[in-house]
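S.K.:
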Amino acid sequence: MFATQHIINKRYENIVSDSRNYKEEQRVVDFDRLNDHKDTFEGLDTGFCCIGTTRGKAGKDGFIKVDHDYVVNSAEVAKSVGCKHFLLVTAYGANKDSSFLYPKTKGKVEEELKALDFDRLSIFRPGMLLCDRQESRLGESVLRFCFKAMPNFVVKATAISTDNLGKAMVNRVSIQSSEKIEIIENKQLYDFL
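In our numbering, the protein residues as written are 39 to 231.
Right, dumping it as C-alpha cells:
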C-alpha cells in the first residue's frame with residue numbers, strides 16, 4: 039500500500055511493526071516551529087495524525103498546545119505541500135460546543151480540519167484506547183479489568199486497542215469513499231480490521 043512510511047515525531051522512537059513491506063524513515067521536528075520543517079512533509083500524499091497527550095500529563099495549556107495547536111499546524115503544513123488524504127484520531131464525544139475541555143478541544147480540531155478542504159478527511163473517534171502505558175492510570179486499569187468480563191459487543195462499542203486502531207486507519211486508506219469527510223466511531227473501526 040505504501041512504498042515508504044515517514045514518521046514525523048518530536049523524538050526518535052523504537053517502533054515495532056508486525057509487517058515491514060515498506061521502507062521506514064523517521065523524521066524529527068520541533069512542533070513549535072513546524073513551518074520551518076515544511077520540507078519534511080513534501081511528497082507525502084497521505085497523512086496520519088495521532089498526536090495527543092493528557093491534561094494530567096501536560097496541564098491545561100500544554101494539552102491545548104499538543105492536542106489542538108500541534109494537530110492543526112501539522113494538518114495545515116501537510117495540506118500546504120500537497121497532502122490529499124488526512125487521517126486524524128480525535129475521541130469519542132468530540133464536540134466543539136462541549137463545556138468540558140477534552141471533547142471541546144477535539145471537536146474544535148475536527149472543525150478546523152474540515153475547513154482545510156483536504157481531498158479526503160477521515161476522522162477516527164475511538165473510545166477508550168487499550169494499550170500498555172508507561173504511566174499508571176487507575177481509572178483505565180479498572181476499566182480494562184472490567185472489559186475482560188464484558189461481552190465482546192460492549193467492548194467493541196466502547197474501546198479499541200491502539201494496534202487495532204492503527205490497522206483500521208491503514209486499511210481505511212485502501213477503501214475508496216465518495217465522502218470527502220468521514221467520521222468513524224469506535225464500533226465502526228472494527229469493520230476495517
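In this text, a Cβ means the ideal position worked out from N, Cα and C, and glycines have one as well.
#1: So the candidates are Y140, M166, K134 and A129; which of them puts its Cα closest to the Cα of S160?
#2: Let me know the secondary structure DSSP gives I53 once reduced to three states.
#3: Can you tell me the Cβ-Cβ gap for L72 and V119, rounded? I've got them flagged as a contact below 8 Å.
#4: So, are the CB atoms of R65 and I89 less than 8 Å apart?
#5: Within the same chain, show all residues whose beta-carbon is closer than 7 Å to that of F86, passing over the 5 residues directly before and after it, in chain order.
#6: Can you give the Cα-Cα distance for N209 and A41, rounded to whole angstroms?
#7: Are R158 and I222 touching if we call contact CB-CB under 8 Å?
#8: Report the three-state DSSP secondary structure of F40 (helix, strand or coil).
#9: Where does S199 land, buried or exposed, given buried means 16+ other C-beta within 10 angstroms?
#10: Give me the residue from K117, C169 and S137 with the minimum Cα distance to K152.
#11: CB S136 to CB G145, shorter than 8 Å?
#12: Buried or exposed: where does Q43 fall if 16 or more other Cβ atoms within 10 Å of its Cβ makes it buried?
#13: Less than 6 Å between C-beta atoms, sequence neighbours within five positions excluded: which residues of the same chain meet that for H123?
#14: Is it true that the CB of L82 sits closer than 8 Å to the CB of A113?
#15: Tell me the DSSP bridge mates of L126?
M.R.: A quick look at the data gives this:
#1: Position 122 of the sequence shown, counted from the start, is the residue given in the question as residue 160. Out of Y140, M166, K134 and A129, A129 has the C-alpha closest to the C-alpha of S160.
#2: Along the sequence shown, read from residue 1 onward, the residue named residue 53 stands at position 15. Reduced to three states, the DSSP call for I53 is coil.
#3: Against the sequence shown, residue 72 aligns to sequence position 34. Against the sequence shown, residue 119 aligns to sequence position 81. Cβ atoms of L72 and V119 stay farther apart than 8 Å, at about 12 Å.
#4: Residue mapping note: residue 65 aligns to position 27 of the sequence shown, counting from 1. Residue mapping note: residue 89 aligns to position 51 of the sequence shown, counting from 1. For R65 and I89, no; Cβs fall outside 8 Å.
#5: To locate residue 86, count along the sequence shown from 1; it is residue 48. Only L125 and M207 meet the Cβ criterion.
#6: Within the sequence shown, residue 209 is the residue found at index 171, counting from 1. Within the sequence shown, residue 41 is the residue found at index 3, counting from 1. Each residue's alpha carbon lies about 15 Å from the other.
#7: Residue 158 sits at position 120 when you count from the first residue of the sequence shown. Residue 222 sits at position 184 when you count from the first residue of the sequence shown. Taking 8 Å as the Cβ cut-off, R158 and I222 do not qualify as a contacting pair.
#8: The count along the sequence shown starts at 1 and reaches residue 40 at position 2. Reduced to three states, the DSSP call for F40 is coil.
#9: Your numbering for residue 199 matches position 161 in the sequence shown. It counts as exposed.
#10: Here the question's residue 152 lines up with position 114 in the sequence shown. The option with the nearest alpha carbon to K152 is K117.
#11: The residue you call residue 136 lines up with position 98 of the sequence shown. The residue you call residue 145 lines up with position 107 of the sequence shown. Their beta carbons are under 8 Å apart, which means S136 touches G145 by this criterion.
#12: Residue 43 sits at position 5 when you count from the first residue of the sequence shown. Buried, since its Cβ has 16 or more Cβ neighbours within 10 Å.
#13: Against the sequence shown, residue 123 aligns to sequence position 85. Result list for H123: T84 and R158, in chain order.
#14: Within the sequence shown, the letter at position 75 stands for residue 113. Within the sequence shown, the letter at position 44 stands for residue 82. Not closer than 8 Å, so no.
#15: The residue given as residue 126 occupies position 88 in the sequence shown. Paired residue(s): C87 and I161.
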